[in-house]
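First comes the structure, then the notes that go with it.
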Amino acid sequence: MSLLNHISLPHLLIYFILFCFILLSLTYWLPLLYLSCLPVQDLRARYYADLRHSLPPQRRPRRRRNSLSPGSISPNRLHDAHDVHDAQAAATEPWALITGASSGIGLALARQVAAQGIHLVLVARDDALLPEAVQSLRAQHPAVLVRAVAVDLSDSRPAPGTDRTGHPPAYPEYLRRIAEATDDLLHHGTLRLAFSNAGYLLMSFFRQRTLAEHLRNWECNVTCALRLSHHLITKWHEYQKRTGWTGTTASGRPAVRPFGLLVFTSSASWFLPSPFAALYGAAKAALSAFAQSLAVEVRDQGIDVLVVQPSYTRTNLYQEAPKLAILEFLDRYTAATPEQVARTILRSVGRGVVSREIGGYAYLTRWLGHVLDIGGLCAAMIPFRHHMAEYRLYAQAG
Ligand SMILES: NC(=O)c1ccc[n+]([C@@H]2O[C@H](COP(=O)([O-])OP(=O)(O)OC[C@H]3O[C@@H](n4cnc5c(N)ncnc54)[C@H](OP(=O)(O)O)[C@@H]3O)[C@@H](O)[C@H]2O)c1
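Once you know that position 368 of the sequence shown is 368 in the UniProt record's numbering, the rest is easy, because the numbers rise by one and skip nothing.
See the structure below:
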């Protein structure tokens, strides 16, 4: 009582605000610190425990009889997703699907997943990067099988043909091709890891691009991930029902056994305003929000969901972007390598976290989001828009 007599109300308020500030900061920084100390997740041990009796031990690299020798891959052969089909591996060994796997973060993920002895299904456009990626992965990991699906994930035109009602199928051609390439793996329950990572950045004033360009970008950055997740979750559910897989552990405890993994590559731009790349920020916000809710729903199926928000990473993403001072600054002082980002992703999966920032810029801005009002920040940017380099650049373009 005597202590309270000496503390005035304004002081009490200041202490209370300080307390909240420290509490909010700790709830953000402490889990991050914990995650940074963890080793990379052993994906085979976590997600294939029930298949382990049929899994071969992690072999030293050897060339498979049926694998293509590097150099023999022509881009056309990539269209045939089953050109390295190995019925035994499809039925009994672990597989992972990675979209946007021909360069940057996706390719780094592919390398690190392959290093754990997991076969790969890689998805990217039909350009020179995909055959190069396949070739280098096969050379580095001869024991790992690689299937490649060359499709444009921004093209939502429906697959040819009609469904049972006589209408064109409700899914696009690229999903049909991915489904075809993974059908046997999903049937056998050996494809349990999926990384929805493909994406690209469009910069300009919103009105300076056609709506068609924006919608294609949206398809690749968001809708494709939703379609793919729906396909995989449905197929996993069918497999679990067919094989009598139950989520409960052998001891009958309520803990759910891990079965599969969905990882989404979002971006640090999802929680801050992203003028001049408005659709990119909005797409990543949609992806992050979707993933966080999905994580709760699919728990009973034993599916871990992780959405990551990397900061500036040195990849091809900015190839088409103008040489802005802010990008050069981030590149020089804060840029991570795709390998670092991939390692952080594999450290974070299956650790009970659903959403994870990666890199100093993402940590700082997300933490600011904990303690500042983002709507207020947007409002504060409006009077200063003319001073932004991007504004001046795109305003000049008319
Ligand atoms: N770099 C960063 O600073 C950063 C930061 C935060 C988040 N991200 C996110 O990280 C993810 C990977 O990007 P990255 O930085 O690694 O850039 P990247 O090197 O350009 O890789 C993008 C990948 O997506 C594929 N892709 C792009 N458009 C496609 C399309 N229409 N159809 C099929 N595949 C397509 C690309 O393959 P092709 O071009 O061969 O088709 C490539 O494999 C993206 O979702 C990006 O938004 C990047």
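Even glycine gets a Cβ: it sits at the ideal position worked out from N, Cα and C.
Residue i classed as buried or exposed, judged by whether at least 16 other C-beta atoms fall within 10 angstroms
{"i": "residue 304", "result": "buried"}
{"i": "residue 320", "result": "exposed"}
{"i": "residue 387", "result": "exposed"}
{"i": "residue 152", "result": "buried"}
{"i": "residue 316", "result": "exposed"}
{"i": "residue 297", "result": "exposed"}
{"i": "residue 47", "result": "buried"}
{"i": "residue 102", "result": "buried"}
{"i": "residue 5", "result": "exposed"}
{"i": "residue 196", "result": "buried"}
{"i": "residue 41", "result": "buried"}
{"i": "residue 167", "result": "exposed"}
{"i": "residue 148", "result": "buried"}
{"i": "residue 310", "result": "buried"}
{"i": "residue 355", "result": "buried"}
{"i": "residue 65", "result": "Note on residue 65: pLDDT 38, under 50, position unreliable in the model; no value is reported."}
{"i": "residue 188", "result": "buried"}
{"i": "residue 375", "result": "exposed"}
{"i": "residue 207", "result": "exposed"}
{"i": "residue 90", "result": "buried"}
Under 8 Å between C-beta atoms of residue i and residue j
{"i": "residue 358", "j": "residue 308", "result": "yes"}
{"i": "residue 348", "j": "residue 109", "result": "no"}
{"i": "residue 229", "j": "residue 262", "result": "yes"}
{"i": "residue 154", "j": "residue 219", "result": "yes"}
{"i": "residue 139", "j": "residue 100", "result": "no"}
{"i": "residue 142", "j": "residue 353", "result": "no"}
{"i": "residue 245", "j": "residue 259", "result": "yes"}
{"i": "residue 389", "j": "residue 345", "result": "no"}
{"i": "residue 268", "j": "residue 342", "result": "no"}
{"i": "residue 122", "j": "residue 105", "result": "no"}
{"i": "residue 313", "j": "residue 336", "result": "yes"}
{"i": "residue 202", "j": "residue 279", "result": "yes"}
{"i": "residue 9", "j": "residue 351", "result": "no"}
Whole-angstrom distance between residue j and residue i, CA atom to CA atom
{"i": "residue 130", "j": "residue 158", "result": "23 Å"}
{"i": "residue 145", "j": "residue 114", "result": "9 Å"}
{"i": "residue 282", "j": "residue 270", "result": "6 Å"}
{"i": "residue 299", "j": "residue 226", "result": "17 Å"}
{"i": "residue 44", "j": "residue 88", "result": "17 Å"}
{"i": "residue 247", "j": "residue 222", "result": "29 Å"}
{"i": "residue 77", "j": "residue 150", "result": "In this predicted model, residue 77 has a pLDDT of only 45, less than 50, meaning its place in the structure is not dependable; the value taken from the coordinates is given anyway. Going by the C-alpha atoms only, they are around 10 Å apart."}
{"i": "residue 170", "j": "residue 306", "result": "27 Å"}
{"i": "residue 23", "j": "residue 293", "result": "25 Å"}
{"i": "residue 191", "j": "residue 13", "result": "55 Å"}
{"i": "residue 165", "j": "residue 330", "result": "53 Å"}
{"i": "residue 334", "j": "residue 266", "result": "18 Å"}
{"i": "residue 338", "j": "residue 107", "result": "8 Å"}
{"i": "residue 392", "j": "residue 209", "result": "17 Å"}
Interface flag, residue i vs chain B, CB-CB below 8 Å
{"i": "residue 28", "result": "Protein chain content of the structure displayed is limited to a single chain, and chain B is not contained in it."}
Beta strand (DSSP E) runs wholly inside the segment 74-150, at least 3 long, in chain order:
95-99, 119-124 and 146-150
Segment contact flag, the segment 278-293 with the segment 369-387, C-beta cutoff 8 Å, min 3 pairs:
no
In chain order, each alpha helix (DSSP H) run of at least 4 residues that lies wholly inside the segment 331-375
338-348 and 360-371
At a cut of 8 Å, does the segment 13-27 reach the segment 320-334 through at least three beta carbon pairs?
no
How do the segment 114-129 and the segment 86-103 stand: do at least 3 beta-carbon pairs fall below 8 Å, yes or no?
With contact defined as three or more Cβ pairs closer than 8 Å, the segment 114-129 and the segment 86-103 are in contact.
Quick one: complete alpha helix (DSSP H) runs, 4+ long, within the segment 222-262?
Counting whole runs of 4 or more residues, the segment 222-262 contains the alpha helix (DSSP H) stretches 224-243.
In chain order, which continuous runs of the beta strand (DSSP E) of length 3 or greater are located wholly inside the segment 137-220?
146-150 and 191-196
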